[in-house]
Amino acid sequence: MREPLSYEIAHGAALAALEAGRAEGHSVCAVVVNRSGVTKVLLSDDGVGLLGMETARRKAYTSAVSGVPTAKFAAFAASPQMQVAPPHLVDSNLLPVAGGVPIVTADGEVIGAIGVGGADDTTDDRIAQQARDAVAKAVA
């Protein structure tokens, strides 16, 4: 088993998300969690409210504990099979909305996730992917 997600990597991913959002003219919040979904870093631009911060946290949590991007999790949650047991009834922290991506080592181990909130889900998702890619070499 690999070392857990370091604060340096978590901070680097969150900072990369804010910078990517700013480059596109968006104020966002980035939350990085460890594999268990526990928050390690939260960075937020001015103008992002509590809703943006909480959705970022829940997106990161969902991606970390499921091991998949939240866009994929959202498709699964919307499937007819899941109507019997919607994810939010299983765990109220799960949020099936795009904008969360796992942080994965080169050998495929999920060591955490980043969630972005504050823009629309497509933008949040793109920014989260850019932030994850910015730290990919450090987690390899």
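To convert a position in the sequence shown, counted from 1, into the working numbering, add 73.
Even glycine gets a Cβ: it sits at the ideal position worked out from N, Cα and C.
Since the model is a prediction, treat every value here as computed from it, not as a measurement.
How many Å lie between residue i and residue j at the Cα?
i, j, result
"Q202", "A129", "13 Å"
"A204", "L167", "21 Å"
"A207", "E81", "13 Å"
"G122", "G191", "8 Å"
"T195", "V174", "12 Å"
What does a CB cutoff of less than 7 Å around residue i pick up in its chain, not counting 5 residues either side in sequence?
i, result
"D198", "A144, A171, G172"
"L91", "V101, A103, L116, D118"
Excluding the five sequence neighbours on either side, which residues of its own chain have a C-beta within less than 6 Å of the C-beta of residue i, listed in chain order?
i, result
"G94", "V101, I200"
"V177", "V183"
"V114", "A83, H84, A87, V105"
If you reduce the DSSP assignment to three classes, tell me which class residue i lands in.
i, result
"G85", "helix"
"T112", "strand"
"G94", "helix"
"G185", "strand"
"S100", "coil"
"P160", "helix"
"G122", "coil"
Report the option in the options whose CA atom is closest to the CA atom of residue i.
i, options, result
"P217", "G98, M126, A87, G185", "Lying before the first or after the last residue shown, residue 217 is absent from the chain, which here runs from 74 to 213."
"A213", "V163, M126, V189, D180", "D180"
Near residue i, what residues of its chain come up, given a Cβ to Cβ distance below 8 Å and the 5 sequence neighbours on each side ignored?
i, result
"G140", "P175, V183"
Can you find at least 3 beta carbon pairs, one from the region 142-160 and one from the region 108-115, that sit closer than 8 Å?
no
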